[in-house]
Amino acid sequence: MKEERSVETAKQHSQTEGTYKEDIRKKEIASYFGYGFAQCISFGLLGSYVLFFYTDILGISAAAASLIFLIARTWDAINDPLMASIMDTLHSKHGKFRPYLKYMPFLIVLSTIACFIPLDGLSMTTKVIYAGATYIIWGMVYTASDVPFWSLSSVMSQDAQQRTKLITFANMGVFTGIALSPTIFIPLTEWLGGDDMGQGYLLATIVLMAIALPIMLNGFRNTKERVKPPKAKVKFSDGVRAIRANKPMFAVLVVFFCNVFMNITQALNIYFFTYNLGNASLMTIFGIISFASCIGFFIIPKLAHKYKKKHMLMVIVAADVLIRIVWFSLGYSSVVVSFIFIGITMLLYTTTGPLISGMLAETIEYTELKTGKRNEAVIFSGQTFTGKLSVAVSGGATGLILTAINYQSNQAQSEFTLDMLFFVIALLPALGSIVRFIIMYFYSYTETEYKETVEKINLRKQEAEASPQS
8 MKEERSVETA
18 KQHSQTEGTY
28 KEDIRKKEIA
38 SYFGYGFAQC
48 ISFGLLGSYV
58 LFFYTDILGI
68 SAAAASLIFL
78 IARTWDAIND
88 PLMASIMDTL
98 HSKHGKFRPY
108 LKYMPFLIVL
118 STIACFIPLD
128 GLSMTTKVIY
138 AGATYIIWGM
148 VYTASDVPFW
158 SLSSVMSQDA
168 QQRTKLITFA
178 NMGVFTGIAL
188 SPTIFIPLTE
198 WLGGDDMGQG
208 YLLATIVLMA
218 IALPIMLNGF
228 RNTKERVKPP
238 KAKVKFSDGV
248 RAIRANKPMF
258 AVLVVFFCNV
268 FMNITQALNI
278 YFFTYNLGNA
288 SLMTIFGIIS
298 FASCIGFFII
308 PKLAHKYKKK
318 HMLMVIVAAD
328 VLIRIVWFSL
338 GYSSVVVSFI
348 FIGITMLLYT
358 TTGPLISGML
368 AETIEYTELK
378 TGKRNEAVIF
388 SGQTFTGKLS
398 VAVSGGATGL
408 ILTAINYQSN
418 QAQSEFTLDM
428 LFFVIALLPA
438 LGSIVRFIIM
448 YFYSYTETEY
458 KETVEKINLR
468 KQEAEASPQS
């Protein structure tokens, strides 16, 4: 009975705090969206084109490229949580996370450009070493930008609806940034490089990074941190405790890692369009479809008022499985039919982004309840690491897949190779959707539990504030 009264007191306190809300301005939301958009131009370039750049421009074997991805992600497994734990211990006059948004854009631009230097005239050993070094450096720089970017959403607001809106626009920025690459990158490479594909890749990357830099810097200037961290000092060891205590986070991250299946198709799209459909320029149409699929983001905040994110995600992934089975049964002989199914599956895929990020953000309060520390950076470093891991695993898997299906660069492909390319593009992501459905079926930390967690945290803060007076 006493606990019920305490929780009720916390509810009243939470409602009182809720009456004082600083609405997040549209300019601030747009700036936050812009940072995610510009940052993910880099992510899109590496995710969609670096494997093709390695194999068909530098001449690196698919097996060597897979080894580069494996080494990079092994290092990330050590580096990402370490960097995030350090971030959780530091503060500055600009806040906890905003300072990174001020300086990292410059390093993202430089490291991305470095990854696409054609290295003409160098030995294969030198090319492999350089490719591996620049890819690893890019991954470290991206972590130092992406973790603060996502963590910022948790300190811009603690209101569930405001946070859902922020994360939705952040995801929209991510997907539109990634979509920009296939929309204009290939035409840019052809225009700037002519017959020299390596020069085209480098110049197109420089142009896109020149566009991205000022947009990222604007994201620093026009955002604000509002949620104050607990007064207790955060230590590195607290990051370890946060990871161990947060079981819902692990479930959400497994769901997020299932992007690996879609990432494989993203990496193989250029091969599919080039050899199965006979036109690499179809990547531009794919980019346009990716932009259009972001319309799903506008639906999520409204549906979040009525339905739990868990249930929405289950419906989406179930629909994805059924649609992909139909597409595979129809084949790829019709370009129009193929793009209709690509459009539908991309729409379903993009709508999962804000749902997954929203569920992950809610686990921050779960950690605070269990440990007394928020550890936003550690939580979102899980997303950054898992995202890069899925890209690397997909890159490595793509290299192995190309080897297994007897892909020969710059040649007409066998019927077996073409059929297996289509199998991976159309049907493989359905496996990821099935895994997601199973995990969500057993997932129990929903909006109801989140609200109860916030109420308990508010109660604990009340008691802490009152204790010196008693």
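According to the numbering used here, the sequence shown holds residues 8 to 477 in order.
Glycine is no exception: its CB is placed at the ideal position from the N, C-alpha and C atoms.
Of the listed residues the options, nearest to residue i (C-alpha basis)
i    : options                : result
A274 : R32, Y56, K309, K172   : Y56
S490 : A433, V267, T291       : Residue 490 is absent from the model: the chain starts at 8 and stops at 477.
G54  : G394, S416, D426       : G394
L117 : L215, Q415, M256, T190 : L215
L108 : A219, Y457, W198       : A219
G102 : T359, Q206, K231       : K231
A454 : Y373, N417, T424       : The sequence shown places Glu at residue 454, not Ala. Out of Y373, N417, T424, Y373 has the C-alpha closest to the C-alpha of E454.
A419 : L58, G285, W334, I144  : G285
A251 : L195, L209, S73, G389  : It should be pointed out that residue 251 corresponds to Arg in this sequence rather than to Ala. Checking every option, the nearest Cα to that of R251 belongs to G389.
G379 : K463, V333, K316       : K463
A400 : L52, D127, F264        : The question names Ala, but residue 400 is Val in the sequence shown. Checked all of L52, D127, F264; the closest Cα to V400 is F264.
T405 : V442, Y278, K34        : Y278
N276 : S345, L210, G201, L126 : S345
L52  : F113, S38, L77, T119   : T119
E456 : K309, L195, E470, K315 : K315
I307 : W334, R170, A71        : R170
V461 : I78, A368, R32, N417   : A368
F60  : D203, G294, I347       : D203
F113 : V343, A217, K313       : A217
F293 : K309, K313, I347, V333 : I347
C-beta atoms of residue i and residue j nearer than 9 angstroms
i    : j    : result
F123 : T62  : no
R228 : S164 : no
Y142 : I75  : yes
K172 : I36  : yes
N283 : L428 : yes
V267 : S364 : no
F523 : V259 : Limits of the chain in this structure are 8 at one end and 477 at the other, which puts residue 523 out of reach.
M179 : A151 : no
M256 : F192 : no
V431 : I271 : yes
I174 : A45  : no
P90  : V154 : Residue identity differs from the one stated: residue 90 is Met in this sequence, not Pro. Yes. Within cutoff.
P361 : F280 : no
L320 : T357 : no
I412 : T424 : yes
P125 : L199 : no
G146 : R80  : yes
F298 : T196 : no
Y42  : N225 : yes
L479 : A72  : In the structure displayed, the chain extends from 8 to 477; residue 479 sits before or after that span and is not available.
P194 : S341 : no
M269 : G439 : yes
Y452 : M366 : yes
Contacts around residue i, its chain only, beta-carbon distance under 8 angstroms, and the 5 residues preceding and following it disregarded
i    : result
G66  : M131, K134
F40  : F176, A177, M179, G180
G201 : G207
N253 : T370, Y373, T374, K377, I386
S38  : N225, G226, R228, N229, T230
K34  : N229
Contacting residues, own chain, Cβ-Cβ under 6 angstroms from residue i (five flanking each side not counted)
i    : result
I85  : none
E459 : none
G350 : I296
S68  : none
I48  : G184, L187, L215, A219
G205 : I64, P125
A121 : T141
Own chain residues within Cβ distance below 7 angstroms of residue i, not counting five before or after
i    : result
R331 : T352, A433, L434, P436, A437
L355 : I323, A326, D327
V261 : I446
Y450 : A258, K317
A311 : T171
S421 : N413
T137 : At residue 137 the sequence reads Tyr, which differs from the Thr that was named. Cβ within range, chain order: L126.
Q415 : none
N417 : D63
F156 : Y42, G43, Q46, L108
Of all the beta strand (DSSP E) runs that stay within the bounds of the region 31–91, which reach a length of 3 or more residues? none
Where in the region 391–425 do unbroken runs of the alpha helix (DSSP H), each at least 4 residues long, occur, reported from the N-terminal end onward? none
Going residue by residue through the region 256–317, where are the continuous beta strand (DSSP E) segments of at least 3 residues, counting only ones entirely within it? none
Jot down the residue ranges of each uninterrupted alpha helix (DSSP H) in the region 138–166, minimum 4 residues, whole runs only, in chain order. none
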